[in-house]
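K.L.:
Sharing a structure here in structure tokens format.
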Amino acid sequence: MRARLSDIAQQAQVSEATVSRVLNDRPGVAGDTRQAVLTALDVLGYERPARLRKRSAGLVGLIVPELNNPIFPAFAQEIESSLSQTGYTPVLCTQTPGGVTEDEYVEMLLDRQVSGIVFVSGLHADTTADLERYRRLTTRPLPIVLINGYTPDVDAPFISCDDRDAAELAVSHLVALGHRRIGFISGPDRFTPVRRKIEGFRAAMTRLTGTPGPELDPLISLSLLFGVEGGDAATTRLLDAGVTAIISGSDLMALGAVRAGRRRGLSVPGDLSVVGFDDSPLTAFTDPPLTTLRQPVHPMAVAAVRALVDEINGHAAPRSEYVFRPELVVRGSTAAARTTLAVPA
Numbered sequence: 001m002r003a004r005l006s007d008i009a010q011q012a013q014v015s016e017a018t019v020s021r022v023l024n025d026r027p028g029v030a031g032d033t034r035q036a037v038l039t040a041l042d043v044l045g046y047e048r049p050a051r052l053r054k055r056s057a058g059l060v061g062l063i064v065p066e067l068n069n070p071i072f073p074a075f076a077q078e079i080e081s082s083l084s085q086t087g088y089t090p091v092l093c094t095q096t097p098g099g100v101t102e103d104e105y106v107e108m109l110l111d112r113q114v115s116g117i118v119f120v121s122g123l124h125a126d127t128t129a130d131l132e133r134y135r136r137l138t139t140r141p142l143p144i145v146l147i148n149g150y151t152p153d154v155d156a157p158f159i160s161c162d163d164r165d166a167a168e169l170a171v172s173h174l175v176a177l178g179h180r181r182i183g184f185i186s187g188p189d190r191f192t193p194v195r196r197k198i199e200g201f202r203a204a205m206t207r208l209t210g211t212p213g214p215e216l217d218p219l220i221s222l223s224l225l226f227g228v229e230g231g232d233a234a235t236t237r238l239l240d241a242g243v244t245a246i247i248s249g250s251d252l253m254a255l256g257a258v259r260a261g262r263r264r265g266l267s268v269p270g271d272l273s274v275v276g277f278d279d280s281p282l283t284a285f286t287d288p289p290l291t292t293l294r295q296p297v298h299p300m301a302v303a304a305v306r307a308l309v310d311e312i313n314g315h316a317a318p319r320s321e322y323v324f325r326p327e328l329v330v331r332g333s334t335a336a337a338r339t340t341l342a343v344p345a
């Protein structure tokens with residue numbers, strides 16, 4: 001035991017006497033010091049004494065799309081952290097192409113008797129999807145919260161980023177830099193967040209540049225994919241139309257836009273401005289650092305967990321949409337560009 005105390009004390013950078021007090025659950029130890037000792041136990045592979053083990057209030061399912069897009073791991077991390085602080089243990093379910101489906105994950109979670117489920121950018125965001133799958137859950141009743149993708153046909157709390165405002169912020173920023181021919185790229189418009197961004201883009205372009213609605217159609221380029229390849233393909237079409245700036249539906253698509261511009265011999269941001277969406281980790285370190293619209297991931301995650309826990313505890317959360325405003329983060333990938341680009345013959 002003495003050797004074990006010595007190891008733990010060294011790892012936690014405290015005295016052996018302090019370790020002994022923590023292990024015996026005695027008073028007189030500061031909270032952060034007590035946590036340091038418990039963390040040292042975990043790191044060294046020692047089992048915590050039974051009286052020091054934190055009992056879980058229950059399991060909560062967390063279903064997110066693929067993890068290739070950094071914004072989804074960011075949501076998962078924040079939601080898991082918030083759940084842990086409330087005593088609930090998260091069960092993370094991540095989808096992959098051709099892998100386990102959302103419905104299959106739900107069945108697995110129900111078998112584990114979860115207390116509730118948080119869906120991030122799930123089928124609820126797809127306007128062509130059957131929403132009956134969510135109605136069945138709410139009538140069980142099982143508390144659920146849905147992030148990014150609102151529909152009034154599901155009786156549950158929704159948490160969303162203001163996609164219309166995001167697009168309008170991006171257009172306003174680019175217009176202030178002197179751009180008039182601005183393009184918008186994104187994934188399929190069957191998804192609610194995409195539709196809202198397009199609505200915001202159209203409204204801002206009409207208001208700030210005077211471009212009539214029909215003339216905006218060639219400035220909107222959608223792809224089947226939300227990633228780098230989709231952004232590359234969608235941007236290539238807009239460069240043919242002579243745009244000087246690109247607003248992207250995701251940061252990954254924005255990186256595809258940068259690649260497409262450089263392949264044309266264009267300088268980013270010298271000749272072509274690019275604005276992303278999400279403010280994913282590492283976007284500040286891309287070349288150039290990406291100007292983007294930051295999703296308020298932390299407050300959205302906290303709100304989602306708070307609503308879910310209220311539902312679990314029998315306190316009905318409002319059946320409405322909590323909308324959070326994005327923040328424009330200006331870095332080095334936007335600048336005044338040429339009025340028009342040369343359109344290939």
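Position 125, counted from 1, in the sequence shown is what full-length UniProt numbering calls 125; the numbers after and before it change by one each time, with no gaps.
All C-beta atoms, glycine included, are put in the ideal place defined by N, C-alpha and C.
Using the Cβ count rule (16 or more neighbours within 10 Å means buried), how would you classify P326?
P.N.:
Mapped onto the sequence shown, residue 326 falls at position 326. So P326 ends up on the buried side.
K.L.:
So L41 and I8 are in contact, right, with Cβ under 8 angstroms, and what is the actual spacing, rounded?
P.N.:
Within the sequence shown, residue 41 is the residue found at index 41, counting from 1. Within the sequence shown, residue 8 is the residue found at index 8, counting from 1. The Cβ separation is near 6 angstroms, so the contact holds.
K.L.:
Excluding the five sequence neighbours on either side, which residues of its own chain have a C-beta within less than 6 angstroms of the C-beta of I71, listed in chain order?
P.N.:
Against the sequence shown, residue 71 aligns to sequence position 71. Closer than 6 angstroms at the Cβ level, and outside the excluded window around I71, lie D278 and S280.
K.L.:
Between the stretch 114–121 and the stretch 291–308, are three or more C-beta pairs nearer than 8 angstroms?
P.N.:
When C-beta atoms of the stretch 114–121 are compared with those of the stretch 291–308, three or more pairs fall below 8 angstroms, so the two segments count as touching.
K.L.:
Identify which residue in A36, T86 and E66 has its Cα closest to the Cα of V60.
P.N.:
As a first step, residue 60 is located in the sequence shown; it is residue number 60 there, counting from the start. Residue T86 is the option with its Cα nearest to V60.
K.L.:
To the nearest angstrom, report how far apart G183 and R140 are at their CA atoms.
P.N.:
Locating residue 183 in the sequence shown gives position 183, where the first residue counts as 1. Locating residue 140 in the sequence shown gives position 140, where the first residue counts as 1. G183 and R140: Cα-Cα distance of roughly 45 angstroms.
K.L.:
Do A245 and L174 have their CB atoms nearer than 7 angstroms?
P.N.:
Position 245 of the sequence shown, counted from the start, is the residue given in the question as residue 245. Position 174 of the sequence shown, counted from the start, is the residue given in the question as residue 174. It is a contact, given that the beta carbons lie within the stated cut-off.
K.L.:
Is it true that the stretch 320–334 meets the stretch 96–114, where meeting means three or more beta-carbon pairs spaced less than 8 angstroms apart?
P.N.:
no
K.L.:
Using beta-carbon positions only, say whether R195 and S221 come within less than 7 angstroms of one another.
P.N.:
Taking the sequence shown and counting its residues from 1, the one referred to as residue 195 is at position 195. Taking the sequence shown and counting its residues from 1, the one referred to as residue 221 is at position 221. In this structure, S221 does not lie closer than 7 angstroms to R195 by Cβ.
K.L.:
Please classify L38 as buried or exposed, where buried requires at least 16 neighbouring CB atoms within 10 angstroms.
P.N.:
As a working note, residue 38 is residue 38 in the sequence shown. With 16 or more Cβ atoms within 10 Å of its Cβ, L38 is classed as buried.
K.L.:
So who's on the other strand from D126, going by DSSP bridges?
P.N.:
If you number the sequence shown from 1, residue 126 lands on position 126. DSSP lists F191 as partners of D126.
K.L.:
If you compare alpha carbons, which of C93, P157, G187 and R135 is closest to S300?
P.N.:
By 1-based counting over the sequence shown, the position of residue 300 is 300. Ser is not the amino acid found at residue 300; the sequence shown has Met there. Looking at the Cα atoms, P157 is the closest of the given residues.
K.L.:
My assumption, with CB atoms under 8 angstroms, is that G261 sits in contact with S223. Please give the rounded CB distance.
P.N.:
Residue mapping note: residue 261 aligns to position 261 of the sequence shown, counting from 1. Residue mapping note: residue 223 aligns to position 223 of the sequence shown, counting from 1. No, G261 and S223 are not in contact; Cβ-Cβ is about 16 angstroms, not under 8 angstroms.
K.L.:
Would the stretch 242–256 count as touching the stretch 306–323 if we require 3 or more Cβ pairs under 8 angstroms?
P.N.:
no
K.L.:
Where I79 and I159 are concerned, what is the direct C-alpha to C-alpha distance, given to the nearest angstrom?
P.N.:
Against the sequence shown, residue 79 aligns to sequence position 79. Against the sequence shown, residue 159 aligns to sequence position 159. Taking the straight line from one Cα to the other gives about 12 angstroms.
K.L.:
Could you tell me the boundaries of the beta strand (DSSP E) in which R294 lies?
P.N.:
Reading the sequence shown from its first residue, position 294 is the one you call residue 294. Element bounds for R294: T291 to R294.
K.L.:
Using C-beta distances below 6 angstroms, list every residue in its chain close to C161, excluding the 5 sequence neighbours before and after it, in chain order.
P.N.:
Counting from one through the sequence shown, the residue named residue 161 turns up at place 161. Closer than 6 angstroms at the Cβ level, and outside the excluded window around C161, lie Q295, F324 and P326.
K.L.:
D103: which of G149, L131 and Q77 sits nearest, CA to CA?
P.N.:
Position 103 of the sequence shown, counted from the first residue, corresponds to residue 103. Out of G149, L131 and Q77, L131 has the C-alpha closest to the C-alpha of D103.
K.L.:
Would you tell me roughly how many angstroms separate the C-alpha atoms of Q35 and Q77, rounded to the nearest one?
P.N.:
Numbered from 1 along the sequence shown, position 35 holds the residue referred to as residue 35. Numbered from 1 along the sequence shown, position 77 holds the residue referred to as residue 77. Rounded to the nearest angstrom, the two C-alpha atoms are 20 angstroms apart.
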